[in-house]
Amino acid sequence: MKWIALLLPILLCACSDKTNPPRTIAGADADAGLEVMQRVGCGACHVIPGVDWPQGVSGPSLKGFADSPMIAGRFPNRPAVLVDFITDAPSMAPDTGMPVMPLTQDEARNVAAYLYTLHE
Ligand code: HEC
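The C-terminal position of the sequence shown is numbered 120 in the UniProt record's numbering, with every residue numbered one higher than the one before it.
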């Protein structure tokens, strides 16, 4: 039964890799994403590390969002899902408080890249 002891850590590692994979967006520019967030006013509703003002609280704090397994507690935190959510959350969750945001696809990808720098 020794092999179980050897195998267990490997299995556990494989699991945690799946629940929290590295989240990256090819070709996106996180710094540009931060500028977009400041321009369109995500901070009106969210505390966002890197955005000093405003720091609204009607939405959840985005601190540590890169390590969160879920978006808004109901969607898997995957790059493509996040890009959709930050542009048009109401089409995914009609009852959400997160509004449609006026972002191009590229802007949304940059914003998502910035959000994926926000580790705890
Ligand atoms: C009018 C207020 C408002 C604005 C402006 C706003 N949000 Fe939100 N946001 C919310 C609310 C409320 C939620 C919670 C939604 C839910 O739980 O369904 C949310 C949820 C989120 C989430 C999921 C957070 C989590 O903990 O899972 C992300 C990511 C997010 N918003 C990003 C953004 C970005 C990026 C912008 C700017 C482009 C933005 N929000 C602008 C209100 C806002």
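Ideal Cβ positions, reconstructed from N, Cα and C, are used throughout, including at glycine. Computed from a prediction, not measured in an experiment: that's the story for all the values here.
Let me check one thing: in DSSP terms, what residues is residue i bridge-paired to?
i: I71; result: F75
May I ask you to check if the CB of residue i is nearer than 7 Å to at least one heavy atom of the ligand HEC?
i: I71; result: yes
i: G97; result: yes
i: S91; result: no
i: H46; result: yes
i: I25; result: no
i: V81; result: no
i: L62; result: yes
i: G50; result: no
i: V57; result: no
i: L118; result: no
Taking all protein chains shown into account, do 16 or more other C-beta atoms lie within 10 angstroms of the C-beta of residue i, making it buried, or fewer, making it exposed?
i: Y116; result: buried
i: R78; result: exposed
i: A80; result: exposed
i: M70; result: exposed
i: T24; result: exposed
i: C15; result: Residue placement at C15 is flagged as unreliable, the pLDDT there being 49, under the threshold of 50; a coordinate-derived value is accordingly withheld.
i: T104; result: exposed
So the alpha helix (DSSP H) residue i belongs to, where does it begin and stop?
i: G33; result: A30 to V40
i: A66; result: Careful: A66 lies outside any alpha helix (DSSP H) and carries neither H nor E.
i: Y114; result: Q105 to L115
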